[in-house]
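Trainee:
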Amino acid sequence: PRVAAARQLPVEQVAQLVAEYTHRPLARFLGQPVVNIVELNLALDALQGHRAK
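Residues in the sequence shown are numbered from 1 upward in steps of one, following full-length UniProt numbering.
#1: Leu17 and Gln48: beta carbons closer than 9 Å?
#2: If distances are taken between C-alpha atoms only, which option among His50, Leu44, Asp45, Leu40 comes closest to Tyr21?
#3: Pull up the distance between the alpha-carbon of Arg24 and that of Val34, whole angstroms please.
#4: Here's the rule I'm using: 16 or more other beta-carbon atoms within 10 Å means buried, otherwise exposed. How should Val11 be labelled?
#5: Return the bridge partner residues of Val34 from the DSSP annotation.
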């Protein structure tokens, strides 16, 4: 919710992007899911740039 509020985007849209950029290990016992923050931020920037036009 904080990212969505800071970027003035719907929570659902941000949650969808977070899910899209979350990488999961092949087997659950080999590690935890990891969010690629760089890719997520680039996608959020692109989305905001698209909304500004």
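All C-beta atoms in this analysis are idealised placements derived from N, C-alpha and C, irrespective of residue type, glycine included.
Predicted model only: the values in this text are computed from it and were never measured.
Mentor: So, to answer that:
#1: no
#2: Leu40
#3: 6 Å
#4: exposed
#5: His23
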